[in-house]
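A quick write-up on the structure given underneath.
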Amino acid sequence: MDWSVLTDNRDVYLSGLWATVLLSLAAIATGTLAGLLVAAVRTSRIPVLAQLARGYLEVFRGTPLLIQMLFIYFGAAYLSGFAISVFGAALLALTLYQGAYIAEIFRAGIEAVPRGQWEASRVLGLGRIQTFVGVILPQTRAIVLPPLVGQYLSLIKDTSIAVVIGYVELVRQGQAVIDRVGDPATSYLAVAVLYFVICYPLSVLVRRMERKAVLA
Amino acid sequence: MTTTTTDRKTASVSLVGVHKRFGALEVLKGVDIDVAPGEVVVLIGASGSGKSTLLRIMCDLERADSGEVWVNDVPLHDRRRAPEIFGHVGMVFQQFNLFPHKTALGNVTLALRKVRKLERGEAEERGRAVLARVGLADKADAYPAQLSGGQQQRVAIARALAMDPAIMFFDEPTSALDPELVGEVTGVMRSLAEDGMTMVVVTHEMRFARDTADRVVFMDGGVVLEQGPPEQVFGSPAEARTQQFLHRVLDT
């Protein structure tokens, strides 16, 4: 292997890394928000809304992210004539797909909080949203955080799928280097290492949180 | 029915013909109860007699299927007006239901800040005062998990008291406690009663009922079977079912 490929194209890899990090951070924010909202609706027992939330979950967990992203970028534009940016389509697909999994993580946490917490809050005069935010959510931390960060790991790796709609991120930049100088072995290895560098600290964090949760 | 109307205006709690069923099980079969301001009413009866359900209906945690429920002048049978009751009555639960992620002071001040919209300083001042009232001034910064069961229940009482409730409801407040911790909770309840708090208490603590209640209500099979001053209900119960029940609980 010729390592000079890496040093010569350092800026290309770094710009790809930055684009991956940017999409990851944005999707973590929007996916978490979407998951939280869907979980709140799903545990609310409001008949129609709870059913809608369930339908959403089934659709987005039952189809591949790849297809969802292709549909949002190409299909929706074809149907409506409304053009969405590559970044926007990638972010929307990741939000909807990951949001479905994150919603189930939050739901498990919310349902583990005893009903008496809702009742005590209600008699004190707290509203449903005040109770959810101020009383219920803080108590879900120990249950929710380990699987949530685990889900973020899979989200970060899933950003690579955005390559199919032309988002220029880490994988795409690795390919760009290969197109120019060849040597797919070194280049793909470099890309893999860069993903690992982002993901490994999170992976350690999950393990540490899980150990703490067991001890608690 | 002009008399009931005037009664309803002066009563703290007034239930008329309350029915409640859970699926096939009819828990309340037409209950009428009035509680006067400042009165301490203790509900006794075997488990399954409907007394806890009745208490939960009084603070709108359960809905009556039919009948009228007036609490602090709010008609709880009117779905639109029922939420007016929240924040104006206190409820103390068997399982305490303290907020585990908040300190004793945090538990007591949460609703003062979010519902009463008090400033932090003002809320904490009031919070410390009610914690002192239940003898826990020195535990303000402790989390529920660091407190004994009796202390936790006293924090729960303080949390309810902080809102300056018109009525306090207690749902078996000492049933989850070790026997040696019961006294500190009933002691606080007794002092509330002496201060003139209107209270409705579901309990198996017959000594508390005898010492503190103005009226004891015996429930059986979803109806009020017998009621009166404690010396009458305990001393010379009129109904055979009451005698049997008292014999069972007092003999153990």
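Heads up: the sequence lines are chains A and B, in that order.
With our numbering, letter number 94 in the first sequence gets 83, and the count goes up by one each step, no holes.
To convert, count from 1 in the second sequence and add 31; that's our numbering.
Note that the Cβ used here is the ideal one computed from N, Cα and C, for glycine as well.
Quantities reported herein were computed from a predicted structural model and do not represent experimental measurements.
C-beta atoms of residue i and residue j nearer than 7 Å
i	j	result
L194 (chain A)	V180 (chain A)	no
V255 (chain B)	V248 (chain B)	yes
G20 (chain A)	Q87 (chain A)	yes
L92 (chain B)	E108 (chain A)	yes
G121 (chain B)	A191 (chain B)	yes
H127 (chain B)	Q184 (chain B)	The sequence given here places Phe at residue 127 (chain B); His does not occur at that position. A contact, by the Cβ cut-off of 7 Å.
A135 (chain B)	V186 (chain B)	yes
L46 (chain B)	G253 (chain B)	no
L149 (chain B)	L143 (chain B)	yes
E257 (chain B)	T234 (chain B)	no
A244 (chain B)	V62 (chain B)	no
M199 (chain B)	M230 (chain B)	yes
H50 (chain B)	D104 (chain B)	no
L38 (chain A)	V30 (chain A)	yes
G118 (chain B)	M194 (chain B)	yes
S83 (chain B)	V66 (chain B)	no
G98 (chain B)	G48 (chain B)	yes
With 16 other Cβ atoms within 10 Å as the buried cut-off, status of residue i
i	result
P136 (chain A)	buried
T33 (chain B)	Residue placement at T33 (chain B) is poorly supported in this model, since its pLDDT is 38, which falls under 50; the coordinates are not used for a value here.
W7 (chain B)	Nothing can be reported for residue 7 (chain B), as the shown portion of chain B is limited to 32 through 283.
P36 (chain A)	exposed
I209 (chain A)	No statement about residue 209 (chain A) is possible, as the shown extent of chain A runs from -10 to 205 and does not include it.
R96 (chain A)	buried
T(-4) (chain A)	exposed
T36 (chain B)	Any reading at T36 (chain B) must be qualified, since the residue scores a pLDDT of 46, below 50, and its modelled position is unreliable; no value is offered.
D202 (chain B)	buried
A189 (chain B)	buried
G70 (chain A)	exposed
T41 (chain B)	exposed
V112 (chain A)	buried
V128 (chain A)	Correcting the residue type first, residue 128 (chain A) is Gln in the shown sequence and not Val. Classification for Q128 (chain A): buried.
R157 (chain B)	buried
Q40 (chain A)	exposed
Between the CA atoms of residue j and residue i - distance to the nearest angstrom
i	j	result
R238 (chain B)	V216 (chain B)	13 Å
I88 (chain B)	R94 (chain B)	6 Å
D109 (chain B)	P196 (chain B)	21 Å
G139 (chain A)	L191 (chain A)	8 Å
I150 (chain A)	A28 (chain A)	26 Å
G180 (chain B)	G51 (chain A)	47 Å
R241 (chain B)	E70 (chain B)	14 Å
P204 (chain B)	G114 (chain A)	21 Å
A165 (chain A)	A16 (chain A)	24 Å
L12 (chain A)	A207 (chain B)	51 Å
C90 (chain B)	K201 (chain A)	39 Å
L80 (chain A)	A72 (chain A)	14 Å
A78 (chain A)	A174 (chain A)	30 Å
R169 (chain A)	E199 (chain A)	44 Å
W7 (chain A)	A66 (chain A)	27 Å
I154 (chain A)	G163 (chain A)	16 Å
V146 (chain B)	N138 (chain B)	13 Å
L59 (chain A)	S74 (chain A)	13 Å
V280 (chain B)	V232 (chain B)	17 Å
I167 (chain A)	V152 (chain A)	15 Å
F185 (chain A)	T32 (chain A)	36 Å
Identity of the residue in the options nearest residue i by Cα
i	options	result
V122 (chain A)	A:L113, A:I99 and A:P103	A:I99
E93 (chain A)	A:L55, A:F49, A:L12 and A:I154	A:F49
C188 (chain A)	A:Q164, A:A78, A:V37 and A:K146	A:K146
L126 (chain A)	A:F185, A:V102, A:V37 and A:D168	A:V102
D209 (chain B)	B:G76, B:Q125 and B:E270	B:Q125
P68 (chain B)	B:G227, B:L178, B:K170 and B:V280	B:G227
A176 (chain B)	B:L107, B:F130, B:R112 and B:L56	B:F130
G116 (chain A)	B:A271, B:I64 and B:I116	B:I116
D(-9) (chain A)	A:Y177, A:F76, A:Y184 and A:F185	A:Y177
L83 (chain A)	A:S110, A:T9 and A:I132	A:T9
R196 (chain A)	A:S143, A:R34 and A:L134	A:L134
Q106 (chain A)	B:A113, B:H132 and B:V161	B:H132
A89 (chain A)	A:R130, A:F76, A:P53 and A:V157	A:P53
G76 (chain B)	B:P114, B:E236, B:E153 and B:A173	B:E236
Backbone secondary structure at residue i - three-state DSSP
i	result
W(-8) (chain A)	coil
T35 (chain B)	Because T35 (chain B) carries a pLDDT of 46, less than 50, the predicted location of this residue cannot be relied on, and the following value inherits that uncertainty. The answer is helix: DSSP assigns T35 (chain B) an H, G or I state.
Q258 (chain B)	strand
R(-1) (chain A)	helix
F63 (chain A)	helix
K146 (chain A)	helix
T229 (chain B)	strand
V186 (chain A)	helix
P196 (chain B)	coil
R246 (chain B)	strand
D63 (chain B)	strand
Return the residues of the segment 95 to 116 of chain A that lie within a Cβ-Cβ distance of less than 7 Å from chain E, sorted by chain order. Although the question refers to chain E, the structure presented lacks it and instead comprises the protein chains A and B.
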